[in-house]
Amino acid sequence: MPIRIDSRRSPILRIDWEGAPSDEEMRAHLLELTSLIRSLPTNTILYDARSTSGPSAIQRQLMADWMKENELLIKNRSAGTAFVISSALIRGALTAILWLQPMSTEHTVVATPEEAYRWCEEQLRKREAKRTTSGGAR
């Protein structure tokens, strides 16, 4: 499968894209991601898209629809998303997705997975500090 989710560094969910996923693979990925997000009280997502040829127009719409349908879940559970993107074409695809459906959490685009992990860890620290100072409220 060209889209793999690695949860070994949970609550950071690393998603590696390779090549061009089929529409069915994209749907399966979004179902798996939804399940993982529901299973974690807090998470961050690291999308490594350096090896993908990018989502098709249909897949961009699927992703935007998924973000809209899961907006509350994402807002309540996710501390942010880091995208590792080296291609201007893929950055353009991300811009198109975010134009269709803006993200409900913070996000960044970086050049390396190491930068993305650092950003994700900082977002988790911020989320925990906010939760602690607000008495556990979300």
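Letter 110 of the sequence shown, counting from 1, is numbered 1067 in the numbering used here, and no numbers are missing. Backbone N, C-alpha and C define an ideal beta-carbon position, used for all residues, glycine too.
As the crow flies, the alpha-carbon of Arg966 is around 31 angstroms from that of Ala1014.
Per DSSP, the continuous beta strand (DSSP E) segment holding Ala1006 begins and ends at 1000 to 1009. Taking the Cα positions, Lys1032 is about 24 angstroms away from Glu1071.
Looking only at Gly1011, Arg984, Asp1005, the smallest Cα-Cα distance to Met1024 is reached by Arg984. When DSSP states are grouped into helix, strand and coil, Arg961 belongs to the strand group. Around the CB of Pro1059, fewer than 16 other CB atoms lie within 10 Å, so the residue is classed as exposed.
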